[in-house]
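*Asks:*
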Amino acid sequence: MACGVTAGGEISKTLADDMLPLMDDPFYSSIDKVRLLMLHTITQEGPKAEEERRDLLAHARLDSASKEALDNLSLLGVQLSKSANRSGEKTKKKKPNKDEQVPYDVSRYVPIVKRVIESHLDNTIQQNLFPLTRQPAAEKAGPQEVGSAPAAVPQLRVYRAQWHKKGKPGQAVSLGGAMRRLTAGIMVQCRLDDHNAASKLSSGPPIIIFIAGGVTYSEIRSAYELGETYNRE
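Quick note on the working numbering: the sequence shown kicks off at 2 and runs consecutively.
1. Excluding the 5 residues flanking PRO112 on each side, which residues of the same chain have their C-beta closer than 6 Å to its C-beta?
2. How big is the Cα-Cα spacing for ALA70 and ARG109?
3. Just curious, the alpha helix (DSSP H) that GLN213 is in, first and last residue?
4. Check each candidate in PHE211, MET20, LYS115, SER75 and name the one with the smallest Cα separation from ALA1.
5. Since LYS115 is in the alpha helix (DSSP H), which residue starts that stretch and which ends it?
6. Of all the alpha helix (DSSP H) runs that stay within the bounds of the segment 21 to 53, which reach a length of 4 or more residues?
7. Quick check: what's the CA-CA separation for LEU76 versus MET39?
8. Reducing DSSP to helix, strand and coil, say where ARG55 ends up.
9. Judging by CA-CA distance, which residue of LYS49, ARG233, ARG116 is the nearest neighbour of ALA17?
10. According to DSSP, simplified to helix, strand and coil, what is GLY205?
11. For ILE118, which residues from the same chain have a beta carbon less than 6 Å from its beta carbon, with the 5 sequence-adjacent residues on both sides left out?
So this is what it looks like as structure tokens:
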């Protein structure tokens, strides 16, 4: 329901039939049933979806508080019925990109926060939904010319430990000195790794996102994916 299509990229036509046994099953709690009904209400639209929702609600046998929670979805901007939609306004749904390779079926869902960040980075975000608190200041420096190479970063000298090599015959090797040289080599290598990580300059300032109520693992994963794609923090 959350993805809108099955793993094969097709629209599910047996969604209500698959949910009816779950609504009748007494093993599932009322909270789980309400969550499924809310997900169905948010993702499914049209007269057929309304009829299916009424049947599911009848099989779920929820109390008045749970039904009220479903009705209160309208306060969050969820369309409960077709007549509740504003005149001339259509719900826009972004079609899934077939070129995106998904390694697992459970990873098909794309959080809304990923779409928001992508729109922000592409300068296509809706200003009426995410208005600016203040207009961004004009950049003092002009845009970087295409093909211009970044400033050269000085390379660090790498110390290669030689303690493991055999010395000349008759030459004693001090264990303490070998350990000191090994420690020095490790420290230099760590500094070199930090330098290589810092040498990959970000293409812009860090993006700070505030999510009320906490963040999910899928949202964290999407943030890392966008960071790799756009070279941003």
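The C-beta atom is built at its ideal place from N, Cα and C for all residues, glycine as well.
*Replies:* Answer, in terms of the structure:
1. SER219, GLU220, SER223
2. The straight-line gap from Cα to Cα measures roughly 28 Å.
3. Strictly speaking, residue 213 in this sequence is Ala, with Gln absent from that position. Element bounds for ALA213: n/a, residue is neither H nor E.
4. In this structure the chain extends from 2 to 234, so residue 1 is not present and cannot be described.
5. 113 to 122
6. DSSP runs (the alpha helix (DSSP H)) wholly in the segment 21 to 53: 31 to 44.
7. 13 Å
8. Reduced to three states, the DSSP call for ARG55 is helix.
9. LYS49
10. coil
11. LEU227
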